[in-house]
Amino acid sequence: MLRGSGAWCRLEAEGAFAVHVGWDQYLYVGSGRPCDEALTRTRALGLFPERLDASPYDVETDTNSIQRPADDDFWAALHQAVAMSRAGVLEETYLEGASRWHRLTCDTINTVRAGISPRARLAVWPDLSCDIDAVLSALPTEGLVECVWQDKDGRMHSAVADADEFTEPAAWMSGAEAAALLSVYADERVPLFTAVMPDSDGVVRARWQTEPTPSDLNWAFLTTLHRGEIVSGTVTHIADFGVTFVDIGGFEAMINVPELSWRPINFPTDVVSVGQEITAEILDVDLTRERVSLSLKALHEDPMQSLTGQIGRTIVGRVTELVPLGAFVRIEEVENGFEGLVPRSELAAEPSETPQLGDALLVKIVDIDLVRRRIALSHRQAISEL
Numbered sequence: 007m008l009r010g011s012g013a014w015c016r017l018e019a020e021g022a023f024a025v026h027v028g029w030d031q032y033l034y035v036g037s038g039r040p041c042d043e044a045l046t047r048t049r050a051l052g053l054f055p056e057r058l059d060a061s062p063y064d065v066e067t068d069t070n071s072i073q074r075p076a077d078d079d080f081w082a083a084l085h086q087a088v089a090m091s092r093a094g095v096l097e098e099t100y101l102e103g104a105s106r107w108h109r110l111t112c113d114t115i116n117t118v119r120a121g122i123s124p125r126a127r128l129a130v131w132p133d134l135s136c137d138i139d140a141v142l143s144a145l146p147t148e149g150l151v152e153c154v155w156q157d158k159d160g161r162m163h164s165a166v167a168d169a170d171e172f173t174e175p176a177a178w179m180s181g182a183e184a185a186a187l188l189s190v191y192a193d194e195r196v197p198l199f200t201a202v203m204p205d206s207d208g209v210v211r212a213r214w215q216t217e218p219t220p221s222d223l224n225w226a227f228l229t230t231l232h233r234g235e236i237v238s239g240t241v242t243h244i245a246d247f248g249v250t251f252v253d254i255g256g257f258e259a260m261i262n263v264p265e266l267s268w269r270p271i272n273f274p275t276d277v278v279s280v281g282q283e284i285t286a287e288i289l290d291v292d293l294t295r296e297r298v299s300l301s302l303k304a305l306h307e308d309p310m311q312s313l314t315g316q317i318g319r320t321i322v323g324r325v326t327e328l329v330p331l332g333a334f335v336r337i338e339e340v341e342n343g344f345e346g347l348v349p350r351s352e353l354a355a356e357p358s359e360t361p362q363l364g365d366a367l368l369v370k371i372v373d374i375d376l377v378r379r380r381i382a383l384s385h386r387q388a389i390s391e392l
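Throughout the sequence shown, residue numbering follows the working numbering, covering 7 to 392 in sequence.
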């Protein structure tokens with residue numbers, strides 16, 4: 007029966023006894039303990055026991071392999087992928103060669119999760135297409151292909167067909183609600199991401215070995231990162247909307263504009279350039295969205311902190327901008343120096359004395375708010391003390 011369904015299985019008491027049922031007519035029985043009596047009885051039956059490190063159907067556990075658990079983070083990522091229409095189908099493999107398929111919506115994910123057995127291997131795929139004719143027209147001209155479809159009653163089906171036999175998949179999907187074609191060849195069969203269901207105690211004990219997807223590789227890398235960790239990387243590009251992307255070992259992390267510098271900047275290129283090697287602090291690692299946020303300024307002291315000692319001091323600054331609320335005045339004679347706001351009520355009373363752009367203006371530093379990054383200035387108070 008196992009051979010007929012194209013599957014194999016293992017029965018094991020780890021380190022003690024193992025029975026492997028193979029694809030062929032053979033049954034492999036082995037033990038990691040002395041078994042002289044069993045060997046004697048086996049020889050008496052005319053069989054020839056041999057020393058084997060493992061049967062052809064054993065699975066060697068690679069300690070460096072990626073085995074993502076189907077934990078809360080996985081299901082959160084799946085929920086987001088479905089909500090964004092990136093994913094819509096879950097393949098559940100509970101035995102080699104035997105799978106169940108689930109079509110997903112945001113409302114059904116939890117129900118599907120509750121029905122999946124521990125140690126099942128999961129693969130997430132894009133949603134099915136409702137254009138059956140387009141799916142059939144995409145059939146390859148040769149080779150095998152797996153057809154996955156949902157019937158009118160909402161049940162999911164899958165079958166492997168020879169592309170030469172067009173009538174067979176056409177008959178399968180006749181009247182289907184939605185369908186998709188998947189390659190049966192390992193190097194072409196790449197899901198969005200994969201995982202393995204843990205046991206009831208949250209530990210993954212399944213020994214599935216799969217080729218990790220790009221998303222799986224990202225997940226494995228992100229699990230090694232931690233908030234507050236210092237990383238180095240290369241600036242790969244700067245988006246038009248201002249986000250700076252940094253390669254930190256094959257994964258692109260991001261730095262938002264406010265995290266580039268303590269000082270005001272117009273655009274990221276005021277601080278960084280493409281190809282530049284930088285060191286930054288990790289602010290956040292989001293496993294669900296596969297994002298890493300960095301901060302360049304976190305590795306430097308806040309220069310505004312040193313200005314707090316100047317509260318109450320009167321200085322001459324340059325007017326950089328006039329706004330309905332008043333005037334912005336630069337209080338540092340350096341590039342990207344800090345600017346403070348002189349409210350309209352704190353400017354001179356006479357309209358003829360209203361400052362113009364570029365004017366030098368006498369101001370008093372009234373307050374510095376490090377949290378809100380604001381500097382309050384007063385021209386009235388400055389001239390009253392003359």
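Beta carbons: idealized from backbone N, C-alpha and C, even for Gly.
Which value, in whole angstroms, describes the spacing of the CA atoms of residue i and residue j?
{"i": "MET90", "j": "LEU96", "result": "15 Å"}
{"i": "ASP292", "j": "ALA245", "result": "20 Å"}
{"i": "THR67", "j": "SER312", "result": "Here the model assigns THR67 a pLDDT of 48, short of 50, so the residue's position is not dependable, and the following value carries that caveat. About 57 Å."}
{"i": "HIS243", "j": "THR275", "result": "10 Å"}
{"i": "PHE84", "j": "LEU134", "result": "It is Leu, not Phe, that sits at residue 84 in the sequence shown. Roughly 16 Å between the two C-alpha positions."}
{"i": "ASP375", "j": "HIS232", "result": "30 Å"}
{"i": "GLU194", "j": "PRO75", "result": "23 Å"}
{"i": "GLN387", "j": "LEU368", "result": "9 Å"}
{"i": "SER189", "j": "VAL151", "result": "5 Å"}
{"i": "ASP137", "j": "THR99", "result": "27 Å"}
{"i": "VAL88", "j": "VAL252", "result": "28 Å"}
{"i": "ASP79", "j": "PRO220", "result": "17 Å"}
{"i": "VAL377", "j": "THR360", "result": "30 Å"}
{"i": "GLU42", "j": "THR48", "result": "The identity of residue 42 in the sequence shown is Asp, whereas the question assumes Glu. Their backbone Cα atoms lie some 10 Å apart in a straight line."}
So residue i and residue j are supposed to be a Cβ contact under 8 Å. How far apart are they, rounded?
{"i": "PRO197", "j": "ALA129", "result": "4 Å"}
{"i": "THR240", "j": "ASP222", "result": "The pair is not a contact, with the Cβ atoms about 24 Å apart (cut-off 8 Å)."}
{"i": "ARG211", "j": "ARG125", "result": "7 Å"}
{"i": "VAL202", "j": "GLN73", "result": "6 Å"}
{"i": "ARG324", "j": "VAL335", "result": "7 Å"}
Using a Cβ-Cβ cut-off of 8 Å, state whether residue i counts as contacting chain C.
{"i": "ARG47", "result": "You won't find chain C in this structure, because it holds only one protein chain."}
Report the partner residues of residue i according to the DSSP bridge assignment.
{"i": "THR200", "result": "ALA129"}
{"i": "THR250", "result": "ILE244 and ILE261"}
{"i": "TYR34", "result": "HIS26"}
{"i": "VAL88", "result": "Answer is none; VAL88 lacks a bridge partner."}
{"i": "PRO75", "result": "VAL202"}
{"i": "ILE371", "result": "LEU383"}
{"i": "THR99", "result": "SER105 and ARG127"}
{"i": "TRP155", "result": "HIS163 and ALA185"}
{"i": "LEU51", "result": "The partner list for LEU51 (beta bridge, DSSP) is empty, contrary to what the question assumes."}
{"i": "SER135", "result": "ALA185"}
{"i": "LEU150", "result": "ASP168"}
{"i": "GLU18", "result": "ALA24"}
{"i": "ALA366", "result": "ARG324"}
Taking 8 Å as the threshold, find out whether the stretch 298-305 comes into contact with the stretch 263-271 through three or more Cβ pairs. Verdict: yes, contact present.
Note down, one range per segment and in chain order, each alpha helix (DSSP H) of at least 4 residues found wholly within the stretch 276-359. Restricting attention to alpha helix (DSSP H) runs no shorter than 4 residues, the stretch 276-359 encloses them at 309-313, ordered along the chain.
Extract the residue ranges of the alpha helix (DSSP H) inside the stretch 161-238, only unbroken runs of 4 or more that lie entirely within it. Taking only runs of at least 4 residues, the alpha helix (DSSP H) segments lying wholly in the stretch 161-238 are 173-178 and 220-228.
Pairs of beta-carbons, one from the stretch 276-283 and one from the stretch 313-332, closer than 8 Å: are there three or more? Between the stretch 276-283 and the stretch 313-332 there are fewer than three inter-stretch CB-CB distances shorter than 8 Å, so the stretches are not counted as touching.
On the three-pair Cβ rule with 8 Å, is the stretch 178-193 touching the stretch 156-169? Taking a contact to require three or more Cβ pairs closer than 8 Å, the stretch 178-193 and the stretch 156-169 qualify as touching.
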